[in-house]
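Numbering (the working numbering), first residue to last: 394 to 527.
Shown next, in the form of structure tokens:
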């Protein structure tokens, strides 16, 4: 059994379903090495609410295999929420508008595995500002 050792969640006062504990399972195999449906793994916690901050240890069991994972619900309900302040950007700036491919996928010489592609980024005035080669 392979698990994500720790999961960190943002506090969510609107949480209705809780953390899906099977999401922490990478894979499970039986004694023959065959993949096992993650829903057949027993879990020590039925539901971990994202409304309640804290650290929760969940034990996962399948047959004789047992593993533990940690789920942390962070306490700051406003974490990651910000208010954009576009007044600081000013006018003109290097704000990317889009990327234009130099070599398009429909051309006859397109080879997804062997050729590189170049894309040019533009600012909001259409001026080339960056080049990306893949």
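Ideal Cβ placement from N, Cα and C applies to all residues, glycine included.
What you are looking at is a predicted structure, and each value in this text was computed from that prediction instead of being measured.
So what does DSSP say about residue 434, is it helix, strand or coil?
Reduced to three states, the DSSP call for residue 434 is coil.
Report yes or no: do the region 459-473 and the region 401-416 share at least 3 C-beta pairs separated by less than 8 Å?
Yes, the region 459-473 touches the region 401-416.
Return yes when the Cβ of residue 470 is within less than 7 Å of the Cβ of residue 428, no when it is not.
In this structure, residue 470 does not lie closer than 7 Å to residue 428 by Cβ.
Quick one: give me the first and last residue of the beta strand (DSSP E) that residue 447 is part of.
Residues 447-455.
State the Cα-Cα distance for the pair residue 398 and residue 444, rounded to the nearest angstrom.
Those two C-alpha atoms are separated by around 21 Å.
Closest to residue 446 by C-alpha separation, out of 472, 426 and 437, would be which residue?
Among 472, 426 and 437, the Cα nearest to that of residue 446 is on 472.
Against chain D, with Cβ distances strictly below 7 Å, would residue 452 count as a contact?
Note that chain D does not occur in the displayed structure, where there is just one protein chain.
Near residue 525, what residues of its chain come up, given a Cβ to Cβ distance below 6 Å and the 5 sequence neighbours on each side ignored?
Excluding positions up to five away in sequence, the list reads 512.
Could you give the DSSP three-state label for residue 497: helix, strand or coil?
Confidence in residue 497 is poor, its pLDDT being 47 and thus under 50, which makes the residue's placement unreliable; the coordinate value appears in the next sentence. In this structure, residue 497 counts as coil in the three-state DSSP scheme.
Report the residue from 457, 523, 400 and 432 whose alpha carbon sits nearest the alpha carbon of residue 466.
Among 457, 523, 400 and 432, the Cα nearest to that of residue 466 belongs to 400.
How long is the line joining the alpha carbons of residue 404 and residue 410, rounded to whole angstroms?
Between residue 404 and residue 410, the C-alpha separation is close to 13 Å.
Would you say the beta carbon of residue 458 comes nearer than 6 Å to a heavy atom of the ligand GDP?
Among the components modelled here there is no ligand, and therefore nothing to report on the ligand GDP.
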